[in-house]
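Numbering (my numbering), first residue to last: 8 to 63.
For each residue, glycine too, the CB sits at the ideal point set by N, CA and C.
Below is one structure, written out as structure tokens; comments come after it.
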Ligand code: SF4
Ligand code: SF4
């Protein structure tokens, strides 16, 4: 399963630069992960200050 970003996201943008496959982009109210592109590496979860990305 791809990672997902919860509503806890504060749109800091840190995860976007860490994603090796560029699956993360800024959405309307939070950053979002393209499920078809995510390879579940966990890098986004590792850099997020509020632990918003998680595997489901
Ligand atoms: Fe990108 Fe890895 Fe996060 Fe998936 S788990 S969105 S591939 S950084
Ligand atoms: Fe949102 Fe966390 Fe990504 Fe920052 S690192 S944009 S808080 S998911």
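Check your understanding: Which class does residue 42 belong to by DSSP, given the choice of helix, strand or coil?
Key -> Looking up residue 42 in the chain shown gives position 35. Correct three-state label for residue 42: coil.
Check your understanding: How close, in whole Å, do the beta carbons of residue 45 and residue 59 come, if the pair is a contact with beta carbons under 8 Å?
Key -> Stepping through the chain shown from its first residue, residue 45 is reached at position 38. Stepping through the chain shown from its first residue, residue 59 is reached at position 52. Between residue 59 and residue 45 the Cβ distance is about 14 Å, and since that is not below 8 Å, they are no contact.
Review point. Terminal residues of the continuous alpha helix (DSSP H) containing residue 21?
Key: Taking the chain shown and counting its residues from 1, one reaches residue 21 at position 14. It spans 21-25 - the alpha helix (DSSP H) in which residue 21 sits, taken as one unbroken run.
Check your understanding: Per DSSP, which one or two residues make a beta bridge with residue 37?
Key -> Taking the first residue of the chain shown as 1, we reach residue 37 at position 30. Residue 37 is not bridged to any residue.
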